[in-house]
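Trainee:
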Amino acid sequence: YLIKRDLVITFLQLVFFSKSKSHFSDNTNIKFMDKLIFIPHPFLNWSLNPYYRNSDKELVHTKEGFRKTFDDNSIMDHLSKNNSTYKIVCIGGSTTHCSDMDDYRDSWPALLHNKLNKNDNFTVINFGVGAWSTIQSQIRCLTWFKKIKPNLLIFYQCKNDITPLMNGSLSEKEILPDYQNIVSQFSEKFFVQMPKIFLLVPLLSLIYLLRFIFINRVGLLNIYKPKAEQNPIGMNRLNKEFIDSIYFRHSVIIKMCKEINCRVLYVPEIVTDGIYRDILKNEIYHNFEDKLKLNENLEIFDIDPLIPKSKEFFWDKMHFTKKGNQLFSDILTNKILKSYSE
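In my numbering, each number is its position in the sequence shown, counted from 1, plus 1.
#1: Across the stretch 88-98 and the stretch 154-165, are there enough close Cβ pairs to call them in contact, namely three or more that are closer than 8 Å?
#2: If you draw a straight line from the C-alpha of Asn-30 to the C-alpha of Ser-100, how long is it?
#3: Going by C-alpha to C-alpha distance, which of Glu-260, Lys-312, Ser-311, His-251 sits closest to Tyr-286?
#4: Taking only the alpha-carbon atoms, compute the straight-line gap between Lys-324 and Lys-312 and give it to the nearest angstrom.
#5: How would you label Lys-20, buried or exposed, when you count the other beta carbons within 10 angstroms and need 16 or more for buried?
#6: Tell me Cys-91's beta-bridge partners as DSSP assigns them.
#7: Have a look at Lys-82 and Ala-132 and give me their C-alpha separation to the nearest angstrom.
#8: Please report the straight-line C-alpha distance between Leu-204 and Val-130, rounded to a whole angstrom.
#9: My understanding is that Met-273 touches Met-236, with C-beta atoms under 8 Å, so please give their C-beta distance in whole angstroms.
#10: At what residue ranges does the stretch 33-119 contain a whole run of the beta strand (DSSP E), taking only runs of 3 or more?
#11: With Leu-328 as the anchor, note down where its beta strand (DSSP E) starts and where it stops.
#12: Identify, in the order they occur along the chain, each residue of the same chain with its Cβ nearer than 8 Å to the Cβ of Leu-281, setting aside the five sequence neighbours on each side.
#13: Check Ile-244 in the structure and name its three-state DSSP category.
#14: State the DSSP-derived secondary structure class of Ile-304, mapped to helix, strand or coil.
#15: Between Ile-332 and Ile-304, how many whole angstroms is the CB-CB distance? I'm expecting something under 8 Å.
#16: Can you check which of these residues, Leu-45, Thr-96, Arg-106, Asn-46, is closest to Leu-61 by C-alpha distance?
#17: Whose C-alpha, out of Pro-43, Trp-47, Asp-35, is nearest the C-alpha of Leu-221?
#18: Please name the residue, chosen from Asn-232, Met-102, Leu-45, that lies closest to Thr-322 on a Cα-to-Cα basis.
#19: Since Leu-299 sits in a beta bridge, which residues does DSSP pair it with?
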């Protein structure tokens, strides 16, 4: 089976791929690489594909794997050319990445970048990636802070830290701190649903392979094994130890900021209703507020009351529409110009 499978994969590589070039080199001629939003990453599990193009065939990620906030294809090239007086980094999951905005210019970090630059020389960099938790954001901050040296971190992230409680297999009574017992690193989705002997037939083996490419895909929910449970009962696994782990990661990111003289604008992530909102409001932010305020380099800025909870601003319970991104970026622009630009 393995030999036949590898023969099929090798055949596809010979037909579609260059044998002598990396999939991610500047001169890659891979036919389908620009269709992948996410790619595997050795430390982060997944990150953004620098060669992904949107429906208008535009590159929307920088070569470093960040969602664009400006037209340059590299954040380092942009920083070297513009000599920005004030650098802002935004961390988060899909609500910061703004995964549903086909045009990166409609994301709130890009809007923030453009609005701030009407007044001064700012650079806003979007660290957000869909489905990331503070585990991945912590790694990204650890590896990039010294290179970028931001002046301000906008911390808009927390919901994804509790998503594994909802999606993780209910057979697990508790969830390990790194989620090892409920995620599969995408691998367990590739299971055989037919007698393996059939895969000795090259045509069937090819059909089996193409099934995963074109049919059997559920996006980033593939990280949960064997599938996302998406059951509120899983939230019963939330306990003090789990909450303390989330805060510890918050604290590490904040301390990294202090180490490089970077201030933190902590914006509690907005969820309009449902169990996630209840847990974030009553279990997470309620417990975090007093401890967060002890950090001299941090300010809590709750935008939740300032944005109407309607379809005009949210297309679901937490992701902004274009108009929602406009309003969110307007509020942040006013706050930054008033409190952080001098």
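All C-beta atoms, glycine included, are put in the ideal place defined by N, C-alpha and C.
Mentor: Let's see:
#1: yes
#2: Confidence in Asn-30 is poor, its pLDDT being 45 and thus under 50, which makes the residue's placement too unreliable to answer from.
#3: His-251
#4: 10 Å
#5: Caution is warranted here: a pLDDT of 46 is assigned to Lys-20, below 50, making its placement in the model unreliable, and the coordinate value is therefore given only provisionally. That one is exposed.
#6: Asn-127, Ile-155
#7: 32 Å
#8: 37 Å
#9: Per the sequence shown, residue 273 should be read as Thr rather than Met. Wrong, their Cβ atoms sit about 18 Å apart, outside the cutoff.
#10: 39-42, 46-49, 87-92
#11: Looking at the DSSP string, Leu-328 is not in any beta strand (DSSP E); the run it does join, the alpha helix (DSSP H), is 323-340.
#12: Cys-159, Lys-160, Ile-163, Pro-269, Glu-270, Val-272
#13: helix
#14: coil
#15: 6 Å
#16: Correcting the residue type first, residue 61 is Val in the shown sequence and not Leu. When only C-alpha atoms are compared, the closest one is Arg-106.
#17: Trp-47
#18: Met-102
#19: Val-265
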